[in-house]
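The UniProt record's numbering puts the sequence shown at residues 1 to 722.
The next block holds one structure in the form of structure tokens; read it before the comments.
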Amino acid sequence: MLAPFSLRDGRAPAGADEVVLDADLASRSGVSVGQRVKIAVRSAPVEFRVSGIAAPKTGDGLTRQSALFFSPEKAVELAGTPGQAHAIGVLAEPGVTPGDLAEKISAAVGDKVTVATGVERSTVEFLDVSQTRMLLMALAGSFGGFALLIAVFVVASTLALVINQRRREFALLRAIAATPQQIRKLIGAETMLVASVAGVLGSGLGVAVGFGLRNAFGAIGVIPPDFELAISPIPLVAALVLGLGTARLAAWSASRRPSSIRPVEALGEAAVERRELGRVRLIVGFALVAAGFAGSMVPIFVRGEAGLAASGSSALVIVIGLGVLGPKVVALMTRLIAPVLNRTSRISGYLAAANSQANSRRLAAAVTPVMLAVSFALTMFYSQTSAAAARQEETVESTTADYVLASGAGGLSPEVAEAARRVPGVAAATPVVRTEVLNTVQEQDKLRVERYPAQGLDGAQVRGNVDLGVVSGKITDLTGNTVAMSESEAGWYEKKIGDEVEFFFGDGAPAKLRLVATYTRDQAFGRYVLPAELARAHTGDRMDDSVLVRRQPDADPAAVTAALNRLGARYPGLAVTPGSAVAAPANGQQDAQFYVNLVAVGVILGYVVISVANTLVMSTAQRSREFALLRLIGTTKRQVVRMMRFEALATVGVAALLGTVVAGIPLMLLNLGLRGTPLPSGTVTVFGGVIAGALLLGLLSLGLATRVALRSKPIEAIGLRE
Numbered sequence: 001m002l003a004p005f006s007l008r009d010g011r012a013p014a015g016a017d018e019v020v021l022d023a024d025l026a027s028r029s030g031v032s033v034g035q036r037v038k039i040a041v042r043s044a045p046v047e048f049r050v051s052g053i054a055a056p057k058t059g060d061g062l063t064r065q066s067a068l069f070f071s072p073e074k075a076v077e078l079a080g081t082p083g084q085a086h087a088i089g090v091l092a093e094p095g096v097t098p099g100d101l102a103e104k105i106s107a108a109v110g111d112k113v114t115v116a117t118g119v120e121r122s123t124v125e126f127l128d129v130s131q132t133r134m135l136l137m138a139l140a141g142s143f144g145g146f147a148l149l150i151a152v153f154v155v156a157s158t159l160a161l162v163i164n165q166r167r168r169e170f171a172l173l174r175a176i177a178a179t180p181q182q183i184r185k186l187i188g189a190e191t192m193l194v195a196s197v198a199g200v201l202g203s204g205l206g207v208a209v210g211f212g213l214r215n216a217f218g219a220i221g222v223i224p225p226d227f228e229l230a231i232s233p234i235p236l237v238a239a240l241v242l243g244l245g246t247a248r249l250a251a252w253s254a255s256r257r258p259s260s261i262r263p264v265e266a267l268g269e270a271a272v273e274r275r276e277l278g279r280v281r282l283i284v285g286f287a288l289v290a291a292g293f294a295g296s297m298v299p300i301f302v303r304g305e306a307g308l309a310a311s312g313s314s315a316l317v318i319v320i321g322l323g324v325l326g327p328k329v330v331a332l333m334t335r336l337i338a339p340v341l342n343r344t345s346r347i348s349g350y351l352a353a354a355n356s357q358a359n360s361r362r363l364a365a366a367v368t369p370v371m372l373a374v375s376f377a378l379t380m381f382y383s384q385t386s387a388a389a390a391r392q393e394e395t396v397e398s399t400t401a402d403y404v405l406a407s408g409a410g411g412l413s414p415e416v417a418e419a420a421r422r423v424p425g426v427a428a429a430t431p432v433v434r435t436e437v438l439n440t441v442q443e444q445d446k447l448r449v450e451r452y453p454a455q456g457l458d459g460a461q462v463r464g465n466v467d468l469g470v471v472s473g474k475i476t477d478l479t480g481n482t483v484a485m486s487e488s489e490a491g492w493y494e495k496k497i498g499d500e501v502e503f504f505f506g507d508g509a510p511a512k513l514r515l516v517a518t519y520t521r522d523q524a525f526g527r528y529v530l531p532a533e534l535a536r537a538h539t540g541d542r543m544d545d546s547v548l549v550r551r552q553p554d555a556d557p558a559a560v561t562a563a564l565n566r567l568g569a570r571y572p573g574l575a576v577t578p579g580s581a582v583a584a585p586a587n588g589q590q591d592a593q594f595y596v597n598l599v600a601v602g603v604i605l606g607y608v609v610i611s612v613a614n615t616l617v618m619s620t621a622q623r624s625r626e627f628a629l630l631r632l633i634g635t636t637k638r639q640v641v642r643m644m645r646f647e648a649l650a651t652v653g654v655a656a657l658l659g660t661v662v663a664g665i666p667l668m669l670l671n672l673g674l675r676g677t678p679l680p681s682g683t684v685t686v687f688g689g690v691i692a693g694a695l696l697l698g699l700l701s702l703g704l705a706t707r708v709a710l711r712s713k714p715i716e717a718i719g720l721r722e
């Protein structure tokens, strides 16, 4: 709003009933100087006279908002904060740079005031900018770790397959006196060479993906459409270094076996893959699976975001554990499905079963990334839908009001609750203010700010409208400088009734309130419940989000409904809905996080899908000599293709089953903790789509690779080098 506006027509507002509109708003509204317009002020229409039309230096208006100018006295009245200002604009004298002036102002006012200059001014004028930055930073931290862990896992799996295919080469090197260190250096050097080229190309492509993500987040409303990316070489270099480190770690993991065996054993294992797993690998694998299942039980004891995060992480830990145990698990699964394949087809099915049982390591390398894709997709989607369902179900269960008053225009004036109380037949009208509170957490030498959803309720009007599941204290005492906390939050901070609770309001103001009640239904009401008047005073618009209305027992429902609907004439946009239609908080941080997670999961799954296709093609392409031998002993090309189809079905079937179990157990425990039922919430279409997608990917990848491998004549292919 500090942009240089100038009057195009008319004059500045002088009276309390005058307003200046920007040229774009005036054009869209079809008004000119001297005409009267109605502007919604605190839910009620107020008539003003247009005294002038203004415009910025370029264009007719601002890009992300319209501008209305009132007289200074009227602006203070509309803000509802006499003696306070949201921000103070400071203009530098000629010759003084903004940076120097900002330093002088900071030295003069101290730490109690935030001084912003340059692009940082946007965080002061537009609160969604700072919230978007925090959201993207949290996303980068959480999904960056996930992506890195998945990359290590996938790259290690692919390298294990490649090294397994080259076991004869490494056996020969060991037999002619190559040392284990030389084998590890060879594998590490080859991996780093490929990773360096891929890292440089990937860093450049990452910028394009970043712009794509920004557009996707803007399209779903998570970030402002005009939010710009800041391109810096630091993330590109960091991504390259992390990528090289990931590849080196994966190479070390995959090179342990071929470098550690004795030369005599090497030649003996060159032709037939080793079946048993090492003791250390077994211990690590079982430990990871056990840790994952233990972590999946956290949501039963810990509700909210912590339980949700534990559920997703535990599924990934179980997948990694099963990946470590891959050959062992796959060998067990193939023994179970081998009879089915044998009965399905005497030739192709028999060959597919025999191949799967004899080459469990190769099959495990193909199963693992598919299992990862299935479990990751199912866990991330259904954990979010289950959490949203838990919030909605708890909101409906805890709302006992007969009516909900809301506005499509963004909020309700506190006058609406007062007007509803005066309606004949109304017993109580409870205003609901949705806000947030801030807590600081000490992390080494700096503080980390955590945001928690909170609500404001009128303690005197709460009875009969909401049921918070109060455990201790009385919610009717929620007046003045008091607060109610969820039972888990109060227990975490070791607070009891009567204790003082310190935190920060959503606007950054410090709070020191007395605890008057604890409750269990924190999915619906958040971790903190404040008096409505206190919560309203620390929101930007000083408005209520909704009003819950309860009828008197002997009141006529039709008459009360009609009277409440008539309030819409005084407050445009007011909607009256039944209490049963109440919705959980919409467009909040959790809802934004849901869509962000879906987009981010899609990006990670894209990487996993490419890896899956690559692994399946590699595992098939090396078998051209095997296919040639089968054809030379009388197997037809069609039978070989059918054999590979059966193998694809076995691979995807085992992966889908394991992935579903891996995702299903944490999801069942999550839903037990959040909703009291083991069944996840969400459409079954997604589950079917994930399984169908995995099946299609497996059939296409193996099918195409098989057809390429079968192009050569058998007599020529049998003589090819591996």
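Even for Gly, the Cβ is constructed at its ideal location relative to N, Cα and C.
Same chain only: Cβ atoms within 8 Å of residue i, ignoring 5 sequence neighbours per side
i, result
"R281", "V324 and L325"
"A14", "S51 and S71"
"S296", "A310, S311, S314, A315, I318, I665, P666, L669 and L670"
"V109", "V115"
Member of the options whose CA lies at the smallest distance from the CA of residue i
i, options, result
"G292", "I183, M643, L322 and A306", "L322"
"A532", "R64, T520 and V432", "V432"
"A628", "V640, V617, K495 and S619", "V640"
"L598", "L564, M543 and F381", "F381"
"L101", "D111, A116 and A87", "A116"
"V329", "V152, V654, A195 and T430", "V654"
Sequence-distant residues of its chain with Cβ nearer than 7 Å to residue i (five each side left out)
i, result
"I475", "G459, V462, L468, A484 and A517"
"G464", "T400, A427, A428 and R550"
Under 8 Å between C-beta atoms of residue i and residue j
i, j, result
"L669", "P235", "no"
"T400", "G526", "no"
"F211", "L229", "yes"
"S611", "V154", "yes"
"N342", "A331", "no"
"I183", "A254", "no"
"D522", "R303", "yes"
"A251", "L136", "no"
"G206", "R248", "no"
"A388", "Q552", "no"
"T334", "S348", "no"
"A44", "R570", "yes"
"L548", "V404", "yes"
Heavy atom of the ligand SAM within 7 Å of residue i beta-carbon
i, result
"T440", "Summarising the ligand content, the structure contains no ligands, and the ligand SAM is consequently not present."
Contacting residues, own chain, Cβ-Cβ under 6 Å from residue i (five flanking each side not counted)
i, result
"A85", "none"
"V31", "V37 and V50"
"F504", "L438 and P510"
"I691", "A656"
"E502", "K512"
"P106", "The question names Pro, yet the displayed sequence has Ser at residue 106. Excluding residues within five positions, the ones whose Cβ falls inside 6 Å are V115."
Three-state secondary structure (DSSP) of residue i
i, result
"S619", "helix"
"K185", "helix"
"G326", "helix"
"N439", "strand"
"R11", "coil"
"L513", "strand"
"D545", "coil"
"R281", "helix"
"P531", "strand"
"Y571", "coil"
"T430", "strand"
"V155", "helix"
"P578", "strand"
"R550", "strand"
"E93", "coil"
"R451", "strand"
"T660", "helix"
Chain C within 8 Å of residue i, Cβ atoms only
i, result
"V529", "Among the chains in the structure shown there is no chain C, since it carries only a single protein chain."
Which runs of the beta strand (DSSP E) fall wholly inside the segment 18 to 83 and span at least 3 residues, in chain order? Entirely contained in the segment 18 to 83, the beta strand (DSSP E) runs reaching 3 residues are, in chain order, 18 to 22, 36 to 41 and 44 to 55.
Kindly provide the ranges of any beta strand (DSSP E) runs that are 3 or more residues long and lie completely inside the segment 454 to 508, ordered along the chain. Secondary structure in the segment 454 to 508: the beta strand (DSSP E) runs of 3 residues or longer, each lying completely within the stretch, are 470 to 473, 482 to 486 and 500 to 505 in chain order.
If you scan the segment 320 to 385 from start to end, which runs of the alpha helix (DSSP H) of 4 or more residues do you find wholly inside it? Qualifying alpha helix (DSSP H) stretches, in chain order: 326 to 344 and 348 to 358.
4 or more residues per run - each alpha helix (DSSP H) lying fully within the UniProt domain "ABC3 transporter permease C-terminal" (142 to 261): The qualifying runs are 167 to 175, 180 to 219 and 233 to 260.
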